[in-house]
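Residue numbers (this note's numbering): 154 to 272.
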């Protein structure tokens, strides 16, 4: 199944890597956002099936709050991709019903394995 994916990552090189992984696997990247405000705007316009979500975003926003709003407003699940996936962070993130967690640095297999729970 082809997924329409929103990438929420403020590090451009990582966002580009994620886009390459997704498009090579046949998925559609509907947009890339560096912060919560961009992510919500893209989601409202294009309704993704999934968001790949970094925990720390640009302009003082964070991935947990962004994931919460995407889930509440548009029922978009998130796959968290972060270098900070300790037990407490996972516990807090679990409230937003993520499809999973992928640690940074990530591999193609990690990312595709994570999104396979949705596809």
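No residue lacks a Cβ here, since even glycine has one placed at the ideal position from N, Cα and C.
Remember, predicted model here, so these are calculated numbers, not experimental data.
Requested in this report: Using 10 angstroms around the beta-carbon of residue 173, count the other beta-carbons present and answer buried if the total reaches 16, otherwise exposed.
Outcome: exposed
- Alpha carbon to alpha carbon, how far is residue 260 from residue 238? Give it in angstroms, no decimals. 16 Å
*How many Å lie between residue 195 and residue 262 at the Cα?*
26 Å
For residue 167 versus residue 203, is the C-beta distance shorter than 9 Å? Taking C-beta atoms as the reference points, residue 167 and residue 203 fail to come closer than 9 Å.
Exercise for review: Helix, strand or coil for residue 181, going by three-state DSSP, please let me know.
Suggested key: strand
Check your understanding: What's the C-alpha gap between residue 220 and residue 236?
Key -> 17 Å
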